[in-house]
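Undergrad:
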Amino acid sequence: MTLSGTQYTIASGPYEAVITEQGAGLRSLTWDGLPLILPHDPDEVTPAGFGQLLAPWPNRVDHGTYTFEGVAQRLEINEPSRETAIHGLVRWESWNLAERTDSSVTLTHRLLGRPGYPFRLDLTAVYTLAADGLNVRLSATNSGTRNAPYGQSAHPYLTVGLPLDECVVTFGGVRYQPVNERLIPSGLPVPVAGTPLDLSAGGVFGDRRIDTAYTDLPFSDGRTWVGLSGGGRTVGLWADESHPWLQLYTADDLGGGDRRAGIAAEPMTCPPNAFNSGVDLITLKPGDTFGGSWGIISL
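Add 101 to the 1-based position in the sequence shown for the working numbering, that's all there is to it.
(1) Taking the beta strand (DSSP E) that Asn281 falls in, what are its first and last residues?
(2) Counting only the same chain and skipping the five closest in sequence on each side, list residues whose C-beta sits under 7 Å from that of Pro368.
(3) Are the CB atoms of Pro372 and Ala401 within a distance shorter than 9 Å?
(4) Less than 9 Å between the beta carbons of Leu176 and Tyr167, yes or no?
(5) Less than 8 Å between C-beta atoms, sequence neighbours within five positions excluded: which residues of the same chain meet that for Gly304?
(6) Helix, strand or coil, according to DSSP, for Leu329 in the structure here?
(7) Taking only runs of the beta strand (DSSP E) that begin and end inside the region 139-211, which ones reach a length of at least 3 residues, in chain order?
(8) For Val293, is the classification buried or exposed, using 16 other Cβ atoms within 10 angstroms of its Cβ as the cut-off for buried?
(9) Which stretch, first to last residue, makes up the beta strand (DSSP E) that contains Ser394?
(10) Please classify Leu289: does DSSP put it in a helix, a strand, or coil?
(11) Applying the criterion that 16 or more other CB atoms from any shown protein chain within 10 Å of the CB defines a buried residue, is Ile128 buried or exposed?
(12) Rounded to the nearest angstrom, how far is the Cβ of Gln123 from that of Ser195, given a contact under 8 Å?
(13) Using the three-state DSSP reduction, which class does Asn374 fall into: helix, strand or coil?
(14) Within 10 angstroms of the Cβ of Val146, are there 16 or more other Cβ atoms? Answer buried if so, exposed if not.
(15) On the CB-based measure, 16 or more other CB atoms within 10 Å of its CB, does Arg310 come out buried or exposed?
(16) Between Ile383 and Val336, which are expected to be in contact by the criterion C-beta below 8 Å, what is the C-beta distance as a whole number of angstroms?
(17) Distance, Cα to Cα, Ile138 vs Gly274?
(18) Out of Leu298, Asp223, Gly333, which has the shortest C-alpha to C-alpha gap to Thr316?
(19) Which same chain residues, not among the five before or five after Gly408, have their C-beta less than 7 Å away from its C-beta?
(20) Residues in its own chain within less than 8 Å of Ala402 by CB, not counting five upstream and five downstream?
(21) Measure the C-alpha to C-alpha separation of Ala226 and Leu300 and round it to an integer number of angstroms.
(22) Taking Cβ to Cβ, would you say Leu104 is nearer than 9 Å to Asp144?
(23) Rank Gly189, His188, Leu400, Gly333 by C-alpha distance to the C-alpha of Glu267 and give the top, closest one.
(24) What does DSSP give as the partner residue(s) for Thr91 in the beta ladder?
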């Protein structure tokens with residue numbers, strides 16, 4: 102058995118994807134054999150969030166502490182360098198196979214209460230391949246007896262097989278969230294116009310370094326898009342309107358050959374530190390279900 106558990110391969114036409122038992126993560130996605138995301142080995146600890154699903158919160162909780170409905174909570178600090186709790190509680194857990202076909206797989210996980218998150222959720226991740234690429238739907242049902250704070254995201258790194266500096270990134274996010282030195286939001290979102298964070302016109306990406314949450318996203322037919330182009334190839338990531346935020350990360354902290362080999366595009370239902378700010382934070386009442394979809398396509 103590999104470190105990431107059972108590997109579920111699905112395929113449709115020129116598309117093939119591998120999803121892991123650990124975290125229901127997207128380990129690889131190819132079109133006609135060409136990678137659309139940065140993959141990782143099934144027998145290595147997933148690096149830098151590659152393809153992971155993030156719940157019940159995306160990004161960071163400042164000092165791992167928050168108050169929900171008048172009760173103070175303290176999460177485990179898993180990013181000691183910044184004194185934060187990062188990327189939720191389910192990305193390293195084993196998920197169970199619920200259904201599988203040649204072109205789809207459904208995995209589930211029951212998140213039981215624990216210190217810092219005394220709530221119970223039933224999570225479902227559905228991966229489907231079709232002519233229009235990969236569709237991923239993550240949903241959560243509050244199967245407990247008390248209201249629960251909730252947010253979700255995903256962490257794929259788009260690639261076209263070229264260094265990011267040589268590629269074109271196109272994205273129309275209108276405002277971005279300023280952060281402090283610990284990457285915790287400071288102040289209200291501000292316009293990207295006139296800054297290096299403005300990617301609406303495309304152009305060669307160059308040496309820009311980005312680890313930024315965008316909002317005021319442009320939606321057309323219910324979807325917002327990030328495009329990465331280079332070498333005659335384009336890969337696109339879309340997210341539905343349940344994701345009013347999207348984080349871009351240029352992977353400057355990665356080592357080896359993966360450094361700036363792609364860009365993380367992370368559709369988020371809420372911004373960093375939403376457990377404290379309350380911005381776009383979802384409150385799941387007992388019996389409530391929330392879900393959102395995103396996908397990747399070769400264009």
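Think of the CB as a built atom: it goes at the ideal place given N, C-alpha and C, for glycine as much as any other residue.
TA: Taking the coordinates as given:
(1) First-last for Asn281: undefined, no H or E at that position.
(2) Ser254, Ala255, Ala340, His344, Leu347, Trp395
(3) Outside the shown range of the chain, which is 102 to 400, sits residue 401, and nothing can be said about it.
(4) yes
(5) Val269
(6) strand
(7) 153-155, 161-163, 166-169, 172-175, 185-187, 197-201
(8) buried
(9) 390-399
(10) coil
(11) Here residue 128 turns out to be Arg, not Ile, going by the sequence shown. So Arg128 ends up on the buried side.
(12) 6 Å
(13) coil
(14) exposed
(15) exposed
(16) About 29 Å; that fails the 8 Å criterion.
(17) 21 Å
(18) Leu298
(19) Only positions 102 to 400 of the chain appear in the structure, and residue 408 is not among them; the question remains open.
(20) Missing from the structure shown is residue 402; the chain here goes from 102 to 400 and no further.
(21) 30 Å
(22) yes
(23) Gly333
(24) Here the chain covers residues 102 to 400 and nothing more, so residue 91 does not appear.
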